[in-house]
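Chemist: In this note's numbering, the protein residues as written are 10 to 165.
Cβ atoms here follow ideal geometry from the backbone N, Cα and C, with glycine treated the same way.
Dropping the structure in here first, questions after.
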């Protein structure tokens with residue numbers, strides 16, 4: 010739960026998404042949430058790890074996203090894994106749906122945050138990485154880390 014820049018409070022990030030997918034495009038989507046879901050999400054009790062987005066009947070839905078039940082909710086609490094509608098412009102939804110259908114791409118949630126008092130979701134149009142792509146990323150990260158360590162040693 011960090012603040013970035015102006016009034017953007019990050020609630021959850023999906024770190025695994027950048028490891029498992031090449032992110033081609035990103036979009037900002039609103040989420041249709043119940044009151045107890047909003048309160049629980051603002052407390053940071055949201056998990057995007059196994060979540061994905063699916064297009065159905067001209068609408069985009071977030072599936073498998075776990076928002077824990079609100080502690081003070083009582084009988085009005087929500088189902089933690091319920092289907093949540095994403096709010097995008099119609100042309101964006103049709104564009105994403107056509108790309109998913111024809112090219113074997115998918116839509117993954119990248120992070121959830123509060124912007125101007127509303128819970129938003131950053132979603133990315135993604136293509137799955139193969140195992141060798143993941144290994145190359147790990148090697149690149151390790152070499153960058155070693156270079157930075159070497160630069161620190163030279164400065165001393």
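How would you label residue 35, buried or exposed, when you count the other beta carbons within 10 angstroms and need 16 or more for buried?
Modeler: With fewer than 16 other Cβ atoms within 10 Å, it is exposed.
Chemist: Consult DSSP for residue 44 and reduce its assignment to one of helix, strand or coil.
Modeler: Correct three-state label for residue 44: helix.
Chemist: Is it true that the CB of residue 110 sits closer than 8 Å to the CB of residue 31?
Modeler: Not closer than 8 Å, so no.
Chemist: Quickly, what does DSSP pair residue 124 with across the bridge? List them, please.
Modeler: For residue 124, which the question treats as bridged, DSSP gives the partners 17, 127.
Chemist: Compare the C-alpha of residue 74 against each of 150, 153, 62, 81 and name the closest.
Modeler: Here the closest residue by C-alpha is 62.
Chemist: Going by beta-carbon coordinates alone, are residue 130 and residue 38 separated by less than 8 Å?
Modeler: Yes, the pair counts as a contact, with Cβ atoms nearer than the cut-off.
Chemist: Nearest CA to the CA of residue 72: which residue from 58, 53, 139?
Modeler: Closest by alpha carbon: 58.
Chemist: What whole-angstrom Cβ distance do residue 29 and residue 138 have, given they're in contact under 8 Å?
Modeler: Confirmed, Cβ separation roughly 6 Å.
Chemist: Where residue 103 and residue 18 are concerned, what is the direct C-alpha to C-alpha distance, given to the nearest angstrom?
Modeler: Looking at the two C-alpha atoms, the distance is approximately 29 Å.
Chemist: At the level of alpha carbons, what is the spacing between residue 50 and residue 98?
Modeler: Cα to Cα, residue 50 sits roughly 24 Å from residue 98.
Chemist: With DSSP run on the structure shown, which of helix, strand or coil describes residue 59?
Modeler: It is coil, neither helix nor strand.
Chemist: Cα-Cα, which of 47, 95, 70 is closest to residue 126?
Modeler: Of the listed residues, the one whose Cα sits closest to residue 126 is 47.
Chemist: Among 105, 163, 122, which residue has its Cα nearest to the Cα of residue 116?
Modeler: Comparing Cα positions, the closest option is 105.
Chemist: Just to confirm the assignment, what range does the beta strand (DSSP E) spanning residue 104 have?
Modeler: Note, residue 104: premise wrong, no beta strand (DSSP E); alpha helix (DSSP H) at 99-112.
Chemist: For residue 79, does the count of other Cβ atoms within 10 angstroms reach 16, so buried, or fall short, so exposed?
Modeler: Classification of residue 79: buried, given that the 10 Å Cβ count is 16 or more.
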